[in-house]
Structure formats: structure tokens, C-alpha cells
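Engineer:
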Amino acid sequence: MKNTHICPKCQGSDIVFAKGEEQAYGIGNNVRAGVFKQVIINRYICCTCGYSEEWLDLQDVPRVKKYCEKKNRI
Ligand SMILES: [Zn+2]
8 MKNTHICPKC QGSDIVFAKG EEQAYGIGNN VRAGVFKQVI INRYICCTCG
58 YSEEWLDLQD VPRVKKYCEK KNRI
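Quick note on the numbering used here: the sequence shown kicks off at 8 and runs consecutively.
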């Protein structure tokens, strides 16, 4: 939806962008990137069916990747 602006579930085109917010104590839509460190998650929401898609800012991905690889070895 980020790139196409079309919902992959219902093909709707009424898409809104909800920017993630950083709030105290790690509250909000985010993913952990270390102790007391979070990275916000932005959402694209389909107003026709309610489907939402979550994206991180690309610049934040290396921090999350480093943390996840260390914390959650597969
Ligand atoms: Zn939809």
C-alpha cells in the first residue's frame, strides 16, 4: 500500500498514512531496538476494509536488525 496506494486485500484506494509516534516509556506503535530504545512504525490503513500495513523508516532498519540478530538468533 505504501508504494501502490491500493489495498492488497480489497483493492480499495482510500488509503491513509498514520505516522508512528514515540511516547514515554516505549508506549506507542514501535519495535525494540535495544534497552530503552525503540523505533517507530508507520502504518498505511485501508479505509474500505480496515487492513493495515506497517513500515519502518529505512534508516531505522539497521538498528533493529542488529538488535534482533543479537537477541533472537534463529
Ligand atoms: Zn482494503
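The beta-carbon is built from N, C-alpha and C at its ideal position, and this holds for glycine as well.
Terminal residues of the continuous beta strand (DSSP E) containing V23?
Structural biologist: Unbroken beta strand (DSSP E) run through V23: 22–25.
Engineer: Buried or exposed, going by whether 16 or more other CB atoms sit within 10 Å of the CB of C54?
Structural biologist: exposed
Engineer: Just to check, is the beta-carbon of K16 closer than 8 Å to a non-hydrogen atom of ligand 1?
Structural biologist: yes
Engineer: My assumption, with CB atoms under 8 Å, is that G27 sits in contact with N49. Please give the rounded CB distance.
Structural biologist: 5 Å
Engineer: To the nearest angstrom, report how far apart P69 and G19 are at their CA atoms.
Structural biologist: 32 Å
Engineer: Would C17 be called buried (16 or more neighbouring beta carbons within 10 Å of its own) or exposed?
Structural biologist: exposed
Engineer: What residue range is occupied by the uninterrupted alpha helix (DSSP H) comprising E76?
Structural biologist: 68–78
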